[in-house]
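Reviewing the structure listed below.
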Amino acid sequence: MFKDAAIEKRFRAREARYLTAMQGGTPDRIPIRFFLQEAAARVAGYTIQQVATDYNMAFEATRKAGEMLGCDAVMLNAIWSTYTVGKAAGWRYLYVPGVDVSLDSVLQFGEPSKPEDEFLKESEYAEFTQDPTAFLVNKWMARASRRVRPAGGTVDFDHNVSLWSGALAYANYMNAFGPAAQRLKEESGIVSANAGMIKAPFDILCDKFRGFMNAAVDTIERPETVIKACEALIPHIVANALAGADPEKKAPITIWAHRGGVPFISPHTFDTIMWPTLKPVFEEIIAKGYQILFYGEGNWEAHYDTLRTLPAGSIIYHLDRGDPAVAARAFKGHFALSGGMSYDVLARGTPQDVRDHLKELFAIVKPGGGYILDATALMLSDIKPENLEAAVAYTMEHGVYSQSIPAPARGTVRPAPIAPGTRAPNTVRPWAVESRDYRQLSGDVDMVKAAWERTDALLYNYLWTTVLW
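Okay, structure coming up:
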């Protein structure tokens, strides 16, 4: 229940404003949706170490910062406070302030840099492609963790503890999201900006399996092998995204899109590998009624024409490094836009610099609606609180529209069927395997089967969410 009637009224107005803009309509005012990350700690009075270590403090920092600034929407989990999850499972690639990096740093993720650290060896592509989930269980988890032992290896104390404590820490973290989201809504009247997550198959291959350098070489030396590996990831990316999605289909599912931006891969690699294996993911999710927040990290101008082949209203394009005028010409009337507020100005400018910058930005992105205010990139600890306050104040005064216009209807798509692969999504230990040694199986077998499959899906979610983080 809402804390009081005023908070409920504020929430309803903010939700309507945000949804209208995301759908490409014109609300009463430009919505303010900040992806604050460690900037939330600075605004709300927490240390970086606190929010990186304690996810409840991270949730509270985001809620309090959003409330103090007057945001319409925030991303509740912008601070990936996974210290307890990562350290309990023994992750090799997580770097926490005050634990692995300096106190004034930020939470970071790494990727394999040496051959001995690769999570997927060149010779293992076929095994991975045949059954990615089995590969996670048999090899990946042991390589991604300092303590988990590979299948067939010597099991020791640390191995057992890591498996148990990692899963328990993950469950606790995920179970904390619901109450935190309720507080954000019912105590502060702020909208949760997104729900669910996507990464492009090729990005996952780079981030958590081969490392970018190895994957880049693979696209040249063995492109067909890379394509098959990316295709094998498609059903699992879709399943994971839908598992975390908003059941009301209001909040968009976010893709953190980084390797496709210039200059990471060639146009040829994008056209032959990255896009052909990402588009089916998009189409499947869009067909199920969800919007996608396309968080285009870097400059994606080279691919604007490709993105426009997606149905009208199906994505919200987040502007990072590109020219706002170019993005507006490409997407206005087809997709909503977010971002474009200069990170450099927020971090190194003055409040007057912010006002001057937003005057220029709004002249481009405000007309016709379909725009949501946010910084170009996730806001780290170098963002000045006074500059965020200036951005909010300017938007409250100059982001107002004279007339609200409802959003146009969204386009539709008919996706091609996605092959489930050897081991279907949401499955680790199939029912046929689980049940074959039962001493007696009778009565309502379908009920028993469903109960097992729900439990098995929890392990699947733990494995694949760990990969996608």
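Under our numbering, the first residue of the sequence shown carries the number 121, and numbering increases by one thereafter. Positions of the beta carbon are idealized from the N, C-alpha and C atoms, including for glycine.
Candidates the options: which alpha carbon is nearest residue i's?
i, options, result
"G187", "A160, W584, P387 and T429", "The residue you asked about is not Gly; residue 187 is Glu in the sequence shown. It is A160 whose Cα lies nearest to the Cα of E187."
"A300", "L493, G190 and F179", "F179"
"I393", "N334, V268, P431 and P343", "P343"
"P643", "G453, D494, F248 and G460", "Lying before the first or after the last residue shown, residue 643 is absent from the chain, which here runs from 121 to 589."
"Y213", "G190, Y514 and E238", "E238"
"K241", "A335, R475 and G469", "A335"
"K479", "Y290, E368 and A511", "A511"
"R428", "I318, F277, T173 and K452", "K452"
"I347", "T173, W395 and A363", "W395"
"V221", "A208, Y203, A254 and E236", "Y203"
"I525", "M121, F122, D124 and A141", "A141"
"E341", "T389, A432, A447 and I436", "T389"
"R534", "M333, L430 and L481", "L430"
"L156", "L578, E517, V205 and D192", "D192"
"G442", "S562, H423, V216 and H454", "H423"
"E404", "P505, A450, I385 and I538", "I538"
For residue i, does the three-state DSSP call read helix, strand or coil?
i, result
"R441", "coil"
"W376", "strand"
"M461", "strand"
"N507", "helix"
"A415", "Before going further, note that residue 415 is Tyr rather than Ala in the sequence given. Y415: strand per DSSP, three-state reduction."
"R303", "helix"
"W584", "helix"
"Y175", "helix"
"T521", "Thr is not the amino acid found at residue 521; the sequence shown has Tyr there. Three-state DSSP puts Y521 in coil, outside helix and strand."
"R559", "coil"
"T515", "helix"
"R212", "coil"
"F329", "helix"
"I406", "helix"
"S243", "helix"
"F229", "strand"
"L578", "helix"
"R530", "coil"
"Y491", "strand"
"P535", "coil"
"F154", "strand"
"R543", "coil"
"V163", "helix"
"R76", "Residue 76 lies beyond the stretch modelled for the chain, which goes from 121 to 589, so this question has no answer here."
"M317", "strand"
Taking the CB atoms as reference points, tell me whether residue i and residue j lie closer together than 8 Å.
i, j, result
"L196", "S312", "yes"
"A536", "P383", "no"
"A245", "T339", "At residue 245 the sequence reads Tyr, which differs from the Ala that was named. It is not a contact, given that the beta carbons lie outside the stated cut-off."
"F131", "K305", "yes"
"R269", "R183", "no"
"I373", "I412", "yes"
"W194", "F229", "Strictly speaking, residue 194 in this sequence is Val, with Trp absent from that position. Against a cut-off of 8 Å, the Cβ pair of F229 and V194 comes out as no contact."
"A529", "G490", "no"
"N546", "Y580", "yes"
"C350", "T397", "yes"
"R543", "D251", "yes"
"A209", "G286", "yes"
"N258", "A271", "yes"
"E509", "L189", "yes"
"L439", "T496", "yes"
"S282", "R267", "yes"
"A296", "N176", "yes"
"N507", "P540", "no"
If residue i sits next to residue j, beta carbons under 8 Å apart, how far is it from one beta carbon to the other, in whole angstroms?
i, j, result
"Y410", "A365", "6 Å"
"R379", "F322", "6 Å"
"V548", "D576", "5 Å"
"G519", "L493", "7 Å"
"G144", "A527", "5 Å"
"A320", "A377", "6 Å"
"I127", "G309", "4 Å"
"V587", "I318", "V587 to I318, Cβ: 13 Å. No contact."
"S458", "I436", "6 Å"
"S233", "G331", "6 Å"
"W551", "W572", "6 Å"
Looking at the C-beta of residue i, does it have a partner C-beta in chain B at a distance below 8 Å?
i, result
"A448", "Of the protein chains in this structure there is only one, and it is not chain B."
Can residue i be considered in contact with the ligand HEM, in the sense that its beta carbon sits closer than 7 Å to one or more heavy atoms?
i, result
"N295", "This structure simply doesn't include the ligand HEM, nor any ligand for that matter."
Open item on the list: Count Cβ pairs between the segment 144-153 and the segment 164-175 that sit closer than 8 Å; are there 3 or more?
Closed with: no
TODO: Report yes or no: do three or more beta-carbon pairs, one from the segment 346-361 and one from the segment 414-423, lie closer than 8 Å?
DONE: no
- [ ] Could you tell me whether the segment 499-508 touches the segment 457-471, where touching means 3 or more Cβ pairs closer than 8 Å?
- [x] yes
Task: Three or more C-beta pairs below 8 Å linking the segment 467-482 and the segment 127-141 - done: no
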